[in-house]
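Residue numbers (UniProt numbering): 1 to 158.
All residues carry an ideal CB built from backbone N, CA and C; glycine is no exception.
Source: prediction; values computed, not measured.
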């Protein structure tokens, strides 16, 4: 059975990273944007990371400009923005597409595992996928779901 651990992703420096590096750890995988009305969720995501990281949680951010081009072209601008404005210390990866023919294979898999309302496609920035320690997608959250509301599920998973 395929899991999240079967995928490799690109780091901000262009190097490949296998998600098997996170094996055994629950993850919250999020498509992010730096110039979106939901961008303040970075603060809540960082708070979750601070609270749950020592219990094993990893949060993985994947910048995406597919929704009204709300992400910087240069990944260095993205990471600098996230660190300076929200203190983001969880891993951020290279800019990707989450929908369409050029969608990143990881996000194609995530959408297949947990479709959204009426469509499998991701509707906006900050769609979140909760993955258990076995690499299985257990829940999908709408873009408007505040990170604080995910704590209940994290407490059960951890």
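Residue 103 and residue 127: beta carbons closer than 8 Å? no
Backbone secondary structure at residue 138 - three-state DSSP: strand
With a CB to CB cut of under 6 Å and the five nearest residues on each side skipped, what residues in its chain are close to residue 121? 99
Compare the C-alpha of residue 20 against each of 106, 89 and 138 and name the closest. 106
Between the CA atoms of residue 129 and residue 12 - distance to the nearest angstrom: 21 Å
Same chain, Cβ closer than 6 Å to residue 59, five either side skipped, listed in chain order: 28, 45, 49 and 90
If we require 4 or more residues per run, which alpha helix (DSSP H) segments fall completely within the stretch 82–155? 105–113
In three-state terms, what does DSSP make of residue 12? coil
Do residue 86 and residue 43 have their C-beta atoms within less than 8 Å of each other? yes
On the CB-based measure, 16 or more other CB atoms within 10 Å of its CB, does residue 140 come out buried or exposed? buried
What does a CB cutoff of less than 6 Å around residue 154 pick up in its chain, not counting 5 residues either side in sequence? 52
Residue range of the alpha helix (DSSP H) that includes residue 42: 41–52
One question on the structure: do residue 75 and residue 101 come within less than 8 Å of each other, judged by their Cβ atoms? no
My output table needs one value for residue 3: the three-state DSSP class, helix, strand or coil. coil
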